[in-house]
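The structure under discussion appears below in the form of structure tokens.
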Amino acid sequence: MAKRKIKRQPEAGLIITSLVDVFVIVLVYLIRSVSSEGSLMTSADNLVLPMSQRSKSPTEISLTIIGDQEHITVDDVVLMNTELVRKQDSLLVKPVLDVLTKKREEERKAEVLGLIKEATGKVVVQFDKNTPYDIVTKIMATCGYAGYNNIKFAVSKKNEEG
Amino acid sequence: MKKARSKKQHAKELDLIPVMNLFSILVVTVISMAQFEKLGVLELWLPERGQPNPAMDKPDIDEGLLNLTVIITDKGVTIGAGGGFQPTIFYQEEVEYRSRSDQHVFRKVYVTGEEVKSPTDGKVMSPYERETIMLNSVNKKDSLDPGTYQYAAIDPEGNAMMDTAGNWLTAVPPLGGLYRVVGDETLKHMDARNASFCKVEKLSAYQEVAKTLEKIHMLYSQRDPLPADVDDVVILADESVIYDKVIQMMDACKSAGFDRVALSLIGGEV
Chain A
43 MAKRKIKRQP
53 EAGLIITSLV
63 DVFVIVLVYL
73 IRSVSSEGSL
83 MTSADNLVLP
93 MSQRSKSPTE
103 ISLTIIGDQE
113 HITVDDVVLM
123 NTELVRKQDS
133 LLVKPVLDVL
143 TKKREEERKA
153 EVLGLIKEAT
163 GKVVVQFDKN
173 TPYDIVTKIM
183 ATCGYAGYNN
193 IKFAVSKKNE
203 EG
Chain B
503 MKKARSKKQH
513 AKELDLIPVM
523 NLFSILVVTV
533 ISMAQFEKLG
543 VLELWLPERG
553 QPNPAMDKPD
563 IDEGLLNLTV
573 IITDKGVTIG
583 AGGGFQPTIF
593 YQEEVEYRSR
603 SDQHVFRKVY
613 VTGEEVKSPT
623 DGKVMSPYER
633 ETIMLNSVNK
643 KDSLDPGTYQ
653 YAAIDPEGNA
663 MMDTAGNWLT
673 AVPPLGGLYR
683 VVGDETLKHM
693 DARNASFCKV
703 EKLSAYQEVA
713 KTLEKIHMLY
723 SQRDPLPADV
733 DDVVILADES
743 VIYDKVIQMM
753 DACKSAGFDR
763 VALSLIGGEV
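Chains A and B are the protein sequences, given in the same order.
Counting with this note's numbering, you get residues 43 to 204 for the letters of the first sequence.
Counting with this note's numbering, you get residues 503 to 772 for the letters of the second sequence.
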């Protein structure tokens with residue numbers, strides 16, 4: 043009986059040239075969309091910022107107040123329940139005022155000691171776009187009372203090409 | 503003579519695996535650095551708290567100032583100044599909801615105090631499930647009149663288009679036709695590329711307010727001497743108004759040329 047000759051098939055090599063092409067395209071697209079300015083500010087997790095066409099890029103951030111559906115947070119420290127702010131009659135929010143007053147004092151001291159150039163009293167507030175205006179005004183009034191007169195609202199930039 | 507046996511040489515393939523490794527690392531690094539949501543800031547200025555001066559009995563009021571105010575209520579927007587009020591720009595609020603339970607998106611005309619339920623699972627929507635809030639401008643004689651929607655041609659950036667006389671265009675201009683948008687005085691020619699992205703939609707009340715404010719700003723900035731509050735406007739809103747409306751109104755004021763925007767509360771002061 044004749045021995046059946048087994049023809050050895052050459053191993054199929056992986057063609058990765060097309061994959062390299064895909065990677066090049068993805069890389070070029072990503073490099074184009076990455077902002078060269080970097081990010082000074084990051085959006086809080088559990089809120090949706092309002093969109094704006096006329097916003098400016100943030101330059102310097104010294105203090106951030108976040109008002110989401112549940113809490114009011116100052117520099118990552120949860121201070122109060124958002125619903126309690128809505129219910130209170132007073133324009134000034136006591137726990138927020140205490141923290142802001144302390145921070146403003148520290149800023150002024152740092153200016154006197156020459157640690158910072160100027161105590162600008164800048165604050166960036168991030169509110170969910172569905173927050174009632176009542177809560178926004180109370181936080182703004184508290185900022186103004188504590189000496190933070192330079193208030194900026196964080197927004198999502200609309201219609202901007204990367 | 504022995505014939506030289508020509509050995510067919512296979513072209514050696516380039517080893518791309520190290521390149522792939524490099525690219526994989528680069529893609530992951532760039533994705534981690536990428537900022538997909540671009541954040542910006544809208545500036546606002548508050549006067550510093552000071553001690554009252556008992557020597558000043560009467561506040562120093564400058565008669566020449568405009569004291570421009572934009573008042574937002576749940577039915578309309580009224581522009582007021584030292585000399586009186588403009589007719590109210592009425593709007594109808596339409597809300598696009600996104601249900602958190604099943605991500606279903608639906609639109610509904612907003613009625614104050616009405617409970618909105620998802621059409622798929624009947625779940626009551628919370629105020630924080632409102633994704634987009636549209637204020638459609640409505641032509642009305644008074645607050646009791648149901649009114650009719652205003653329509654305008656919208657450019658690819660979402661701005662309503664005006665003709666050379668400053669009236670809203672109710673149809674997309676023909677190729678070569680002139681148009682302009684609020685906040686940009688230059689007239690543009692309609693081209694084929696832009697025309698394909700333009701559409702006729704319900705006019706936003708923000709656009710209507712911005713157009714009125716732009717006219718006021720143009721007239722006011724021609725005064726000699728230039729008034730101190732030429733770029734100032736105060737937005738006055740009810741406490742139940744949502745923050746998004748205030749931000750969109752700030753945008754409208756800034757696009758009309760009023761760069762210094764202050765906020766105030768109806769029945770209070772901020």
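We put the beta carbon where it would ideally sit given N, CA and C, even for glycine.
On a predicted model such as this, the values are computed, not experimentally measured, just so you know.
Does any residue of chain A bring its CB to less than 8 Å from the CB of B/Glu716? Residue numbering aside, residue 716 of chain B sits at position 214 when the second sequence is read from its first letter. Taking Cβ atoms only, chain A never reaches closer than 8 Å to B/Glu716, which makes this a no.
At least three beta-carbon pairs within less than 8 Å, the region 746-760 of chain B to the region 684-699 of chain B: Yes, they touch.
Note down the Cα distance separating B/Gln588 from A/Leu69, rounded to an integer number of angstroms. For the purposes of this step, residue 588 of chain B is taken as residue 86 along the second sequence, with counting starting at 1. For the purposes of this step, residue 69 of chain A is taken as residue 27 along the first sequence, with counting starting at 1. Between B/Gln588 and A/Leu69, the C-alpha separation is close to 54 Å.
Pick helix, strand or coil for B/Met752, following the three-state DSSP scheme. Along the second sequence, read from residue 1 onward, the residue named residue 752 of chain B stands at position 250. In this structure, B/Met752 counts as helix in the three-state DSSP scheme.
Exposure of A/Thr179, with buried meaning 16 or more beta-carbon neighbours within 10 Å: Taking the first sequence and counting its residues from 1, the one referred to as residue 179 of chain A is at position 137. By the neighbour-count rule (16 or more Cβ atoms within 10 Å), A/Thr179 is buried.
Mind checking B/Ser585: buried by the 16 CB within 10 Å criterion, or exposed? Here the question's residue 585 of chain B lines up with position 83 in the second sequence. Note that residue 585 of chain B is Gly in the sequence shown, not Ser. Burial check for B/Gly585: the Cβ neighbour count within 10 Å stays below 16, so the residue is exposed.
Relative to the alpha-carbon of B/Pro727, which residue among B/Ala655, B/Gly566, B/Asp517, B/Ser526 has its alpha-carbon at the smallest distance? To locate residue 727 of chain B, count along the second sequence from 1; it is residue 225. The closest CA to that of B/Pro727, considering only B/Ala655, B/Gly566, B/Asp517, B/Ser526, is found on B/Gly566.
Tell me whether the beta-carbon of B/Tyr745 lies closer than 8 Å to the beta-carbon of A/Tyr175. On the second sequence, position 243 is the one that residue 745 of chain B refers to. On the first sequence, position 133 is the one that residue 175 of chain A refers to. By the CB criterion at 8 Å, B/Tyr745 and A/Tyr175 fall inside the cutoff.
Cβ-Cβ distance between B/Ser706 and B/Leu637 below 8 Å: In the second sequence, the residue the question calls residue 706 of chain B occupies position 204. In the second sequence, the residue the question calls residue 637 of chain B occupies position 135. B/Ser706 places its beta carbon less than 8 Å from that of B/Leu637.
Beta-carbon gap between B/Gln709 and B/Ala662 smaller than 8 Å: What you label residue 709 of chain B is simply residue 207 of the second sequence in a count that begins at 1. What you label residue 662 of chain B is simply residue 160 of the second sequence in a count that begins at 1. For B/Gln709 and B/Ala662, yes; Cβs fall inside 8 Å.
Near-chain B residues of the region 137-171 of chain A - C-beta to any C-beta below 7 Å: The region 137-171 of chain A vs chain B, Cβ under 7 Å: Val166, Phe169, Asp170, Lys171.
Buried or exposed by the 16-neighbour rule on C-beta atoms within 10 Å, applied to B/Tyr593: Here residue 593 of chain B corresponds to residue number 91 of the second sequence, with the count starting at 1. The residue in question, B/Tyr593, is buried, as its Cβ has 16 or more Cβ neighbours within 10 Å.
I'd like to know whether the C-beta of A/Lys98 is nearer than 8 Å to at least one C-beta of chain B. Residue 98 of chain A sits at position 56 when you count from the first residue of the first sequence. Output row for A/Lys98: interface = yes.
Interface residues of chain A around B/Ser757 at Cβ under 9 Å? Here residue 757 of chain B corresponds to residue number 255 of the second sequence, with the count starting at 1. Simply Gln95, Arg96.
Sorted by chain position, which residues of the same chain lie with C-beta nearer than 6 Å to A/Gly204's C-beta, five sequence neighbours on each side aside? Start at 1 with the first residue of the first sequence, and residue 204 of chain A comes out as number 162. For A/Gly204, the pLDDT reaches just 37, beneath the cut-off of 50, and the residue's location in the model is therefore unreliable, leaving the point undetermined.
List, in chain order, every chain B residue whose beta-carbon is nearer than 7 Å to that of A/Ser75. As a first step, residue 75 of chain A is located in the first sequence; it is residue number 33 there, counting from the start. Those within 7 Å of A/Ser75 in chain B are Ala536.
Measure the C-alpha to C-alpha separation of A/Ser104 and B/Thr622 and round it to an integer number of angstroms. Counted from its first residue, the first sequence places residue 104 of chain A at position 62. Counted from its first residue, the second sequence places residue 622 of chain B at position 120. Near 45 Å, if we compare the C-alpha coordinates of B/Thr622 and A/Ser104.
When you compare only the Cα positions, how much space is there between B/Asp761 and B/Met752? The residue you call residue 761 of chain B lines up with position 259 of the second sequence. The residue you call residue 752 of chain B lines up with position 250 of the second sequence. Between B/Asp761 and B/Met752, the C-alpha separation is close to 9 Å.
Compute the beta-carbon to beta-carbon distance between B/Lys625 and B/Ser603, rounded to the nearest angstrom, for a pair I have assumed lies under 8 Å. Numbered from 1 along the second sequence, position 123 holds the residue referred to as residue 625 of chain B. Numbered from 1 along the second sequence, position 101 holds the residue referred to as residue 603 of chain B. Right, their Cβ atoms sit about 5 Å apart.
With distances taken between CB atoms, is the gap from A/Asp108 to A/Ile181 smaller than 8 Å? As a working note, residue 108 of chain A is residue 66 in the first sequence. As a working note, residue 181 of chain A is residue 139 in the first sequence. Residue 108 of chain A is actually Ile in this sequence, not Asp. No. Outside cutoff.
Return no unless some Cβ of chain B is closer than 8 Å to the Cβ of A/Ile58. Mapped onto the first sequence, residue 58 of chain A falls at position 16. Yes, A/Ile58 counts as interfacial toward chain B.
B/Lys690 lies in the beta strand (DSSP E); which residues open and close that run? Locating residue 690 of chain B in the second sequence gives position 188, counting from the first residue. It spans 686-691 - the beta strand (DSSP E) in which B/Lys690 sits, taken as one unbroken run.
Is A/Asn192 closer than 8 Å to A/Thr143 when the C-beta atoms are compared? Your numbering for residue 143 of chain A matches position 101 in the first sequence. Your numbering for residue 192 of chain A matches position 150 in the first sequence. No.
Rounded to a whole number of angstroms, what is the C-alpha to C-alpha distance between B/Leu767 and B/Gly578? Position 265 of the second sequence holds residue 767 of chain B. Position 76 of the second sequence holds residue 578 of chain B. One C-alpha to the other measures close to 16 Å.
Supposed close pair A/Met93, A/Lys200 - CB separation, criterion 8 Å: For the purposes of this step, residue 93 of chain A is taken as the residue at position 51 of the first sequence. For the purposes of this step, residue 200 of chain A is taken as the residue at position 158 of the first sequence. Contact flag correct, Cβ pair sits at about 4 Å.
Flag this pair as yes or no: are the beta carbons of B/Asp657 and B/Leu677 separated by less than 8 Å? Reading the second sequence from its first residue, position 155 is the one you call residue 657 of chain B. Reading the second sequence from its first residue, position 175 is the one you call residue 677 of chain B. The answer is no: Cβ separation not under 8 Å.
I want to verify the contact list: residues of chain B whose CB lies under 8 Å from the CB of A/Lys173, in sequence order. Counted from its first residue, the first sequence places residue 173 of chain A at position 131. The question names Lys, yet the displayed sequence has Thr at residue 173 of chain A. The answer, in chain order, is Ile744, Tyr745.
Sheet register partners of B/Lys619 (DSSP bridge): As a working note, residue 619 of chain B is residue 117 in the second sequence. DSSP output for B/Lys619 lists B/Val626 as bridge partner(s).
DSSP beta-bridge partners for B/Tyr599? Locating residue 599 of chain B in the second sequence gives position 97, where the first residue counts as 1. Residue pairing by DSSP puts B/Tyr599 in a beta bridge opposite B/Phe608, B/Arg632.
Exposure of A/Glu112, with buried meaning 16 or more beta-carbon neighbours within 10 Å: In the first sequence, counting from the first residue as 1, residue 112 of chain A sits at position 70. Of the residues assessed, A/Glu112 falls on the exposed side of the cut-off, its CB having fewer than 16 other CB atoms within 10 angstroms.
Which bits of chain B does A/Asp176 rub up against, with CB to CB less than 8 Å? Counting from 1 along the first sequence, the entry for residue 176 of chain A is found at position 134. What A/Asp176 touches in chain B: Glu741, Ser742, Leu767.
Quick one: is A/Ser132 near chain B, going by C-beta distance under 8 Å? In the first sequence, the residue the question calls residue 132 of chain A occupies position 90. False, the Cβ-Cβ gap to chain B never drops below 8 Å.
Run of the beta strand (DSSP E) containing A/Gly186, from where it starts to where it stops: Residue 186 of chain A sits at position 144 when you count from the first residue of the first sequence. Element bounds for A/Gly186: not the beta strand (DSSP E) but the alpha helix (DSSP H), 175-188.
With a threshold of 8 Å between beta-carbons, can A/Lys194 be considered close to chain B, or not? As a first step, residue 194 of chain A is located in the first sequence; it is residue number 152 there, counting from the start. Yes - at least one Cβ of chain B is within 8 Å of the one on A/Lys194.
Is B/Thr575 helix, strand or coil by DSSP? By one-based count along the second sequence, residue 575 of chain B stands at place 73. It is coil, neither helix nor strand.
If you follow the alpha helix (DSSP H) that B/Gln588 is in, where does it begin and where does it stop? For the purposes of this step, residue 588 of chain B is taken as residue 86 along the second sequence, with counting starting at 1. Boundaries for B/Gln588: no alpha helix (DSSP H) harbours it, and the DSSP string shows neither H nor E there.
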